[in-house]
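Report on one structure; see the data block that follows.
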Amino acid sequence: MLFAKTALSPYWDLHFFEIFAQIGQRLLLLFQGGGILAADEIQILVLGCISISCGVLGPVLVLKKMTMLANSLAHTILLGLAISFLISRSMFSSTGFDMPHLLFGALIAALLTVFSTYVLTRLFRLQEDASIGLVFTALFALGIVVVTLFTRDVHLSVEVVMGNADALRFEDLVVAADLALMNGLFVLLFFWPLQMSSFDSGQSMMMGNRLNLLQPLLLFLTAASCIGAFRAVGVLLVLSFLVGPFLIARLFFHRLWHLLIVTPAIGIFASLIGVALARHLLSVYGLALSTGGIVSTLIALLYPAARIVSKFSRLKELKSN
Amino acid sequence: MFEYFTDPVLRAPTWGCMLMCLAASLMGVLSFLNKRSLLGEGISHAAYPGVVAGMAVCAIDAADEGSLFFALVGALLFSIIGLWVIDRLEKKGKVHSDAALCFMLASFFGIGTLGASFLQGARPLMAQRVQIYLYGQAATMTDIHIVIYAALSALIVMFLVISYRPMQALCFDRVYAQSLMIVPRYLTIATFVLMLLSIVIGIRSVGVVLMSGMFVAPAVAARQWTDRLSTLLWIAAIIGVASGLLGNILSVEASQKLRIYFPHERLSLPTGPMIVLTGSAIAFLSLLFAPRRGAIPRLVRILSFRVRTVEENILKSVWKSKEISLKDCRACNHLWPPSLIFLLWRMQRQGWMTQAYRRYALTPDGDRKAARIVRLHRLWEVYLADLGWPEESVHRTAEEMEHILTPELEERLAGQLHDPKLDPHAQPIPEHDVVC
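Protein sequence lines correspond, in order, to chains A and B.
Going by my numbering, the first residue of the first sequence is number 660, and it counts up by one from there.
Going by my numbering, the first residue of the second sequence is number -19, and it counts up by one from there.
Here it is as structure tokens:
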């Protein structure tokens, strides 16, 4: 099935660099109003949108030291989605994967995770790392059981953590674009309070910022982004998009608004190369590799490379001084 | 029930799950006490590409029998690399430990996914075996697994027994232990290696994704029941083994039921989620009901203390004005009316108070009790005044201390103050003989 679909792709059997030329040509064609989106273009666009939505949230999450909470959200969205699916199927008898479903699932997941972690640390006086670990493993295990029992899809629980970029449709692109827009707007609107609370939450509180309103919103959007991304790259590889590009960008840039632009750009760069590489390897060498895995590996390899580059540029600076 | 331990097909999963949970829960206690519970999450994900690599090496050789060994070695190797990467990121890259852990686990899992998809194309059979490691599947274990797991678990238990003392020092005061050189350096390294080993053993039956749950849950549950390290290890081991056993049985039984209800679909509940759910359930129950640290006993203790405080205040106010109407009682105690009425009814039941014509009065019993509280209050006031406390501010502290002072303290206080007759505000202090 995979081969039958991809044989129609305009990127079939091209040299690695020819793929980029082809992208340019087809982009021109699209602007002139002709042609429809090929599967690869949808993949690139979806991954690009994921890069944007994760790239604007990632810096804030890392700076606020909330990445392990994001990790826990990435796991618990499975339960959120399963519950949302169960309720909506019985209420509206629709099985589609659309925006309201997604947001409702994200809301449930974020509420469940954050609330139960909070209850464990505050009311039960459990240390924070243990309460995070206990909550997300329990909820994820519950999610797997619910998904296995009610969707009765044997492959789903594997695809949930791995993702399947080849199964992306146009609807996924709409969802991903909406999420990117939403997260972009969120960061744009709340730039100042976010910046201040990322670097000095005490000062931010003193100046009257409503942290207690901003933080839940941030976590909700993180959960929504994880859900939006999990069909493409799986719940765990989203974390690469959230943390990796920011760590790379931070080696070269030090102002938050620079970082907020560069981080998505690095993610988009990695997804573009990743999809092209996956297509090239499949069509020329017959290697069917997971696109999400390639992109995540690329981000992982980019980091040490960037470290070396930044070290040399700093050495040069020292010498010229 | 016993066939789970003896049946040639069922016994391997049962014993395997129990042994692996034993190892994980013991090492989980150590990382829990070091406040690094989430390290298990990182290490287990880092092991995933190792499993894939091990299987790939196996696939080259086409030797199916050695796949377990290769997967174990690969997982161990990659988890060591993962640990090293976290360390480098934190120390050289100045990345916060949170983000370093997250980046490492996502990257390693990404590499693993890439490798698994490669294996899917090259050797589909091997790739299916790799999928097992994602959520764990105990059902396909054989007796060889038991032997290997038993040996590794025995190694961990022996290590804990031999190095119990220095371990104790390391868990409770790391800096002190290291500065006194109680703890040799190789012990820290050995702890890490064994932690990796316990996770590597576990991922076969619980799976990469949920392994950290088995690392955290028994430790959390056991911590609720004791304050001693040795007891903690024992309880955690028992809880771990129990959840391994129960989870495995649940998974087998549920899968059988599913096969009966949906004969056309090849459904089965993976072992990992069931074991983790059992462990988490035990942990949540312990968090709720453990006698000393549990939330509900604590809530009961807090509530009963507050009820006693309010009751004693009411007794005092009745004692001062001999008899009192409901309205006056409300005025001097500021309580929600229904709870005031309930408390008054409760005090009548206990025989401290009588009610006639809507006015409340004390029984001899209640009178003695109220006098004792007033005595404690005024004694404390005298004591504070004796210490040179300003006389006008002694009342507020005494309001609180009157509920806390014990008979022994009262005796010592009276003795030290030479049994005073009047308090700083020139009010008489009830005699000891009257009170008792």
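Backbone N, C-alpha and C define an ideal beta-carbon position, used for all residues, glycine too.
Owing to the predicted nature of the structure, the values given are computational and were not obtained by experimental measurement.
Could you run through the stretch 108 to 122 of chain B and flag, in chain order, every residue whose CB is less than 7 Å away from some CB of chain A? Q111, L114 and Y115
Buried/exposed call for F50/B, threshold 16 Cβ in 10 Å: Here residue 50/B refers to the residue found at position 70 when the second sequence is read from its first residue. With 16 or more other Cβ atoms within 10 Å, it is buried.
Using DSSP bridges, identify the partner residues of R339/B. Position 359 of the second sequence, counting from 1, holds the residue named residue 339/B. BP columns for R339/B point to S305/B and A336/B.
Looking at the C-beta of I920/A, does it have a partner C-beta in chain B at a distance below 8 Å? Counted from its first residue, the first sequence places residue 920/A at position 261. Not closer than 8 Å to any Cβ of chain B, the Cβ of I920/A fails to qualify, so no.
Does the beta carbon of S373/B come closer than 8 Å to any beta carbon on chain A? The count along the second sequence starts at 1 and reaches residue 373/B at position 393. Not one chain A Cβ lies under 8 Å of S373/B.
At what residues does the alpha helix (DSSP H) containing G252/B begin and finish? Here the question's residue 252/B lines up with position 272 in the second sequence. Segment T251 to F269, the alpha helix (DSSP H) holding G252/B.
How many angstroms separate the CA atom of I276/B from the CA atom of V894/A? The residue given as residue 276/B occupies position 296 in the second sequence. The residue given as residue 894/A occupies position 235 in the first sequence. Spanning the two alpha carbons is a distance of roughly 35 Å.
What are the residues of the stretch 197 to 225 of chain B that lie near chain A, defined by any Cβ-Cβ distance shorter than 8 Å? A197, A199 and V200
Interface flag, V721/A vs chain B, CB-CB below 8 Å: Taking the first residue of the first sequence as position 1, residue 721/A is located at position 62. Interface residue, yes.
Cutoff 8 Å; reference Q407/B; Cβ partners in own chain excluding five residues on either side: The residue you call residue 407/B lines up with position 427 of the second sequence. Closer than 8 Å at Cβ, skipping near neighbours: R358.
Excluding the 5 residues preceding and the 5 following T772/A in the sequence, name in chain order all residues of the same chain whose CB lies nearer than 7 Å to its CB. Here residue 772/A corresponds to residue number 113 of the first sequence, with the count starting at 1. Contacts found: S731, L732, T735, V794, F795 and L798.
Using a Cβ cut-off of 7 Å, pull out every chain A residue sitting near K15/B, in sequence order please. Within the second sequence, the letter at position 35 stands for residue 15/B. What K15/B touches in chain A: Q786 and D788.
Ends of the alpha helix (DSSP H) at M175/B? Counting from 1 along the second sequence, the entry for residue 175/B is found at position 195. Its alpha helix (DSSP H) spans residues R165 to G182.
Nearest chain A C-beta to F83/B closer than 8 Å, yes or no? Position 103 of the second sequence holds residue 83/B. It does; some Cβ of chain A falls within 8 Å.
Helix, strand or coil: how does DSSP classify L160/B here? Residue numbering aside, residue 160/B sits at position 180 when the second sequence is read from its first letter. The answer is coil: DSSP assigns L160/B none of H, G, I, E or B.
Backbone CA spacing between I321/B and S305/B [nearest angstrom]: As a first step, residue 321/B must be located in the second sequence, where it is residue number 341. As a first step, residue 305/B must be located in the second sequence, where it is residue number 325. Their Cα atoms are separated by approximately 12 Å.
Just to confirm, is the Cβ distance from M254/B to G20/B under 8 Å? Against the second sequence, residue 254/B aligns to sequence position 274. Against the second sequence, residue 20/B aligns to sequence position 40. Not a contact, by the Cβ cut-off of 8 Å.
Once DSSP output is grouped into helix, strand and coil, what is the label at L880/A? Locating residue 880/A in the first sequence gives position 221, counting from the first residue. Helix.
Note down the Cα distance separating L974/A from V968/A, rounded to an integer number of angstroms. Mapped onto the first sequence, residue 974/A falls at position 315. Mapped onto the first sequence, residue 968/A falls at position 309. Approximately 10 Å between the Cα atoms of the pair.
According to the Cβ coordinates, are L364/B and C151/B closer than 8 Å? By 1-based counting over the second sequence, the position of residue 364/B is 384. By 1-based counting over the second sequence, the position of residue 151/B is 171. No; because the gap between Cβ atoms is not below 8 Å, this pair is not in contact.
Please list, in chain order, the chain B residues whose beta carbon lies closer than 7 Å to that of L726/A. The residue labelled residue 726/A in the question sits at position 67 within the first sequence. The sequence shown places Thr at residue 726/A, not Leu. The contacting residues are D78, A79 and C82.
Proximity to F900/A [Cα-Cα], best of F679/A, E700/A, Q702/A and C713/A: Position 241 of the first sequence, counted from the start, is the residue given in the question as residue 900/A. Taking only the C-alpha atoms, the option nearest F900/A is C713/A.
Sequence-distant residues of the same chain with beta carbon closer than 6 Å to T665/A, five excluded per side: Taking the first residue of the first sequence as 1, we reach residue 665/A at position 6. Its pLDDT being 45, under 50, T665/A is placed unreliably in this model, and the coordinates cannot settle the point.
Give me the chain A residues within the contact set of G101/B, using Cβ-Cβ distance strictly less than 7 Å, ordered along the chain. As a position in the second sequence, residue 101/B is number 121, starting the count at 1. Chain A residues near G101/B: L946 and A947.
CB contact flag (A3/B, G182/B, <8 Å): Within the second sequence, residue 3/B is the residue found at index 23, counting from 1. Within the second sequence, residue 182/B is the residue found at index 202, counting from 1. Yes.
Where V804/A meets chain B, residues with beta-carbon distance less than 8 Å: Reading the first sequence from its first residue, position 145 is the one you call residue 804/A. The contacting residues are L249, P253, M254 and L257.
Would you identify the three-state DSSP class for P404/B, choosing helix, strand or coil? To locate residue 404/B, count along the second sequence from 1; it is residue 424. Reduced to three states, the DSSP call for P404/B is coil.
Is the beta carbon of V200/B sitting closer than 8 Å to the one on A789/A? The count along the second sequence starts at 1 and reaches residue 200/B at position 220. The count along the first sequence starts at 1 and reaches residue 789/A at position 130. Cβ atoms of V200/B and A789/A: closer than 8 Å.
For S77/B, which residues from the same chain have a beta carbon less than 7 Å from its beta carbon, with the 5 sequence-adjacent residues on both sides left out? Residue 77/B sits at position 97 when you count from the first residue of the second sequence. Only E70 meet the Cβ criterion.
Hey, would you say L176/B sits closer than 8 Å to I262/B, going by beta carbons? As a first step, residue 176/B must be located in the second sequence, where it is residue number 196. As a first step, residue 262/B must be located in the second sequence, where it is residue number 282. Not a contact, by the Cβ cut-off of 8 Å.
Three or more C-beta pairs closer than 8 Å, one from the stretch 822 to 829 of chain A and one from the stretch 854 to 865 of chain A: is that the case here? no
Need the endpoints of the alpha helix (DSSP H) that A119/B sits in, please. Looking up residue 119/B in the second sequence gives position 139. That residue, A119/B, is in no alpha helix (DSSP H); it is neither H nor E in DSSP.
Buried or exposed: where does Y144/B fall if 16 or more other Cβ atoms within 10 Å of its Cβ makes it buried? Within the second sequence, numbered from 1, the residue matching residue 144/B stands at position 164. By the neighbour-count rule (16 or more Cβ atoms within 10 Å), Y144/B is not buried but exposed.
Determine, for L267/B, whether the minimum Cβ-Cβ distance to residues of chain A falls below 8 Å. Within the second sequence, the letter at position 287 stands for residue 267/B. Taking Cβ atoms only, chain A reaches closer than 8 Å to L267/B, which makes this a yes.
At a CB-CB cut-off below 7 Å, which residues of chain A make contact with V75/B? Along the second sequence, one-based indexing puts residue 75/B at 95. Under the 7 Å cutoff, chain A gives L906.
Measuring CA to CA, which of L878/A, W851/A, I927/A and L844/A is closest to A769/A? To locate residue 769/A, count along the first sequence from 1; it is residue 110. It is L878/A.
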